[in-house]
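Enquirer:
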Amino acid sequence: MTEPPTPTSSPVVAPPPVAPPVASPPPAATKPAVPPTTPPKPSAPAPPATPVRPPRTGTLQVRGVARRDSIHALTWTAVGTIKVTGEVDVGTVRIEGSLSVAGPITSDSFVARGRLDAGGSITISGAFTTDGSFRATGPVQAQEAAFSGTTRISRDVIVAGSVTMKGQFAAAAVRAGEFHGDGAVIVPGGIDAVSVDVRIRRDSRFGTLRAHSVRLLRSPPNPIEWVFGRSPPPRVARIEADRVELEGVDVGFVRCPEVILGRDAHVTELEGTVVRRHSSARVGPRSKSPPPYGLSR
Numbered sequence: 097m098t099e100p101p102t103p104t105s106s107p108v109v110a111p112p113p114v115a116p117p118v119a120s121p122p123p124a125a126t127k128p129a130v131p132p133t134t135p136p137k138p139s140a141p142a143p144p145a146t147p148v149r150p151p152r153t154g155t156l157q158v159r160g161v162a163r164r165d166s167i168h169a170l171t172w173t174a175v176g177t178i179k180v181t182g183e184v185d186v187g188t189v190r191i192e193g194s195l196s197v198a199g200p201i202t203s204d205s206f207v208a209r210g211r212l213d214a215g216g217s218i219t220i221s222g223a224f225t226t227d228g229s230f231r232a233t234g235p236v237q238a239q240e241a242a243f244s245g246t247t248r249i250s251r252d253v254i255v256a257g258s259v260t261m262k263g264q265f266a267a268a269a270v271r272a273g274e275f276h277g278d279g280a281v282i283v284p285g286g287i288d289a290v291s292v293d294v295r296i297r298r299d300s301r302f303g304t305l306r307a308h309s310v311r312l313l314r315s316p317p318n319p320i321e322w323v324f325g326r327s328p329p330p331r332v333a334r335i336e337a338d339r340v341e342l343e344g345v346d347v348g349f350v351r352c353p354e355v356i357l358g359r360d361a362h363v364t365e366l367e368g369t370v371v372r373r374h375s376s377a378r379v380g381p382r383s384k385s386p387p388p389y390g391l392s393r
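Heads up, the final residue of the sequence shown is numbered 393 in the numbering used here, and it's a clean run with no missing numbers.
#1: From which residue to which residue does the beta strand (DSSP E) around residue 345 run?
#2: Skipping 5 residues on each side, what residues in its chain have a beta carbon closer than 7 Å to that of residue 314?
#3: Please identify the residue among 265, 271 and 202 whose C-alpha is closest to the C-alpha of residue 151.
#4: Could you name the residues of the same chain whose beta carbon sits closer than 6 Å to that of residue 194, not counting the 5 residues immediately before and after it, in chain order?
#5: Just the C-alpha distance for residue 288 and residue 206, rounded to the nearest angstrom, thanks.
#6: Using the Cα positions of residue 379 and residue 284, report the straight-line distance between them to the nearest angstrom.
#7: Go ahead and pull the three-state DSSP assignment for residue 381.
#8: According to the neighbour-count rule (16 or more other Cβ atoms, all chains shown, within 10 Å of its Cβ), is residue 300 buried or exposed?
#9: Compare the Cα-Cα distances from residue 282 to each of 185, 181 and 332 and report the closest residue.
#10: Count the other CB atoms within 10 Å of the CB of residue 162; is the residue buried (16 or more) or exposed (fewer)?
#11: Find out if the Cβ-Cβ distance for the pair residue 304, residue 336 is shorter than 9 Å.
#12: Pick from 307, 286, 306 and 279: whose alpha carbon is nearest that of residue 294?
#13: Have a look at residue 217 and residue 186 and give me their C-alpha separation to the nearest angstrom.
#14: Can you name, in chain order, every residue of its own chain whose Cβ lies under 6 Å from the Cβ of residue 196, other than the five neighbours on each side?
#15: Which residues bound the beta strand (DSSP E) around residue 208?
#16: With a threshold of 6 Å on Cβ separation, who are the neighbours of residue 253 within its own chain once the five nearest residues in sequence on each side are excluded?
#17: Keeping to the same chain, check which residues put their C-beta closer than 6 Å to that of residue 311; ignore five residues upstream and five downstream.
#18: So, residue 275 versus residue 307, is the Cβ gap smaller than 9 Å?
#19: Rounded to a whole number of angstroms, what is the C-alpha to C-alpha distance between residue 375 and residue 359?
#20: So within the region 265 to 320, which uninterrupted alpha helix (DSSP H) runs reach at least 4 residues, ignoring any that extend past its ends?
#21: Is DSSP giving residue 221 helix, strand or coil here?
#22: Ignore the nearest five residues each way along the sequence and tell me which others in residue 204's own chain have a CB closer than 7 Å to its CB.
#23: Compare the C-alpha of residue 371 against each of 377, 357, 363 and 365 and name the closest.
#24: Take residue 262 and list the residues in its own chain whose beta-carbon comes closer than 6 Å to its own, dropping the five residues that flank it on each side.
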């Protein structure tokens, strides 16, 4: 009987050594994304608050010498010398004497006889009347205006109705329904109106006149001017109208379909038709300069 073969044991093979895990380097720290900083837009400044004016109440009467911070009343009458350092907001004003106002003037109707000095704007919803000396550094607005004496306005004058002046009047520019004057007028910015009618008695100067009708008449010479000579004629830069009548003035340019040239009128350039002309009137450039004031007879 044969013995079974003795099993042979296979050699035990040791597993390959396992390398220890290699620690991965820690992830690089990333800086958190910083959104770009945009400077905030400056907020628009809030509109200034409209000052609340006290209501117009009561009647104020002033006599003699007085000084006030402001005037608010339904009716204000004053006789004497008054100075107001602020504003004047009154329904009806009647002043006789001397009034100085540093702030704006607002009124329904205003009458000043004597001296009026205004440092701010003047807004009159009705009639504005001055008689004496009137000086304003701000603009003037009114429904109707009548200036007598010496008037000096540094800004524009806007009147819905008519402007009537007598004496000496000066303003930067005038816009009105009608402009009627008697005296000396200096308006370098010009006049815009439906009609312009001025009787010129002294030295005057105008910018551009735009109106439906323009009438500028220089008064005849007085006895002293006959002896010592007259000042140069009033000068007008430009006239644009439908009808123009000139006498004793010197105009640079006229555009008008109907032109009347009276005594000693001179127009350098004309676009229109002369319907009537005095023998002493001239159209075109002067052939010679006018004689100096005081040296001609």
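Glycine included, each C-beta is placed from N, C-alpha and C at the ideal position.
Expert: In short:
#1: Residue numbering aside, residue 345 sits at position 249 when the sequence shown is read from its first letter. Unbroken run through residue 345: none, as it is neither H nor E.
#2: For the purposes of this step, residue 314 is taken as the residue at position 218 of the sequence shown. The residues are 296, 329, 330, 343, 344 and 345.
#3: Residue mapping note: residue 151 aligns to position 55 of the sequence shown, counting from 1. It is 202 whose Cα lies nearest to the Cα of residue 151.
#4: Taking the first residue of the sequence shown as position 1, residue 194 is located at position 98. Correct list, in chain order: 177, 210 and 211.
#5: The sequence position of residue 288 within the sequence shown is 192, counting from 1. The sequence position of residue 206 within the sequence shown is 110, counting from 1. Rounded to whole angstroms, residue 288 to residue 206 spans 24 Å at the Cα level.
#6: For the purposes of this step, residue 379 is identified with residue 283 of the sequence shown, where counting begins at 1. For the purposes of this step, residue 284 is identified with residue 188 of the sequence shown, where counting begins at 1. Near 23 Å, if we compare the C-alpha coordinates of residue 284 and residue 379.
#7: Position 285 of the sequence shown holds residue 381. In the structure shown, residue 381 sits in coil (DSSP, three-state: anything other than H, G, I, E or B).
#8: For the purposes of this step, residue 300 is taken as the residue at position 204 of the sequence shown. Its Cβ being crowded by 16 or more others within 10 Å, residue 300 is buried.
#9: By one-based count along the sequence shown, residue 282 stands at place 186. Closest by alpha carbon: 332.
#10: As a first step, residue 162 is located in the sequence shown; it is residue number 66 there, counting from the start. With fewer than 16 Cβ atoms within 10 Å of its Cβ, residue 162 is classed as exposed.
#11: Start at 1 with the first residue of the sequence shown, and residue 304 comes out as number 208. Start at 1 with the first residue of the sequence shown, and residue 336 comes out as number 240. Yes, the pair counts as a contact, with Cβ atoms nearer than the cut-off.
#12: Here residue 294 refers to the residue found at position 198 of the sequence shown. Selected option, being the one with the closest Cα: 279.
#13: Indexing the sequence shown from 1 puts residue 217 at position 121. Indexing the sequence shown from 1 puts residue 186 at position 90. So the two alpha carbons sit approximately 14 Å from each other.
#14: Counting from 1 along the sequence shown, the entry for residue 196 is found at position 100. Result list for residue 196: 179 and 213, in chain order.
#15: Residue numbering aside, residue 208 sits at position 112 when the sequence shown is read from its first letter. Start and end: 201 to 214.
#16: Within the sequence shown, residue 253 is the residue found at index 157, counting from 1. Within the same chain, residue 253 has close Cβ partners 236, 267 and 270.
#17: Within the sequence shown, numbered from 1, the residue matching residue 311 stands at position 215. Excluding sequence neighbours, residue 311 sits near 293 and 341.
#18: The sequence position of residue 275 within the sequence shown is 179, counting from 1. The sequence position of residue 307 within the sequence shown is 211, counting from 1. It is a contact, given that the beta carbons lie within the stated cut-off.
#19: Translated into positions along the sequence shown, residue 375 becomes position 279. Translated into positions along the sequence shown, residue 359 becomes position 263. Answer to the nearest angstrom: the Cα atoms are 7 Å apart.
#20: none
#21: Residue 221 sits at position 125 when you count from the first residue of the sequence shown. Strand.
#22: For the purposes of this step, residue 204 is taken as the residue at position 108 of the sequence shown. Excluding positions up to five away in sequence, the list reads 187, 188, 221 and 222.
#23: Stepping through the sequence shown from its first residue, residue 371 is reached at position 275. The residue with the shortest Cα to Cα distance from residue 371 is 357.
#24: Reading the sequence shown from its first residue, position 166 is the one you call residue 262. 244, 278 and 279.
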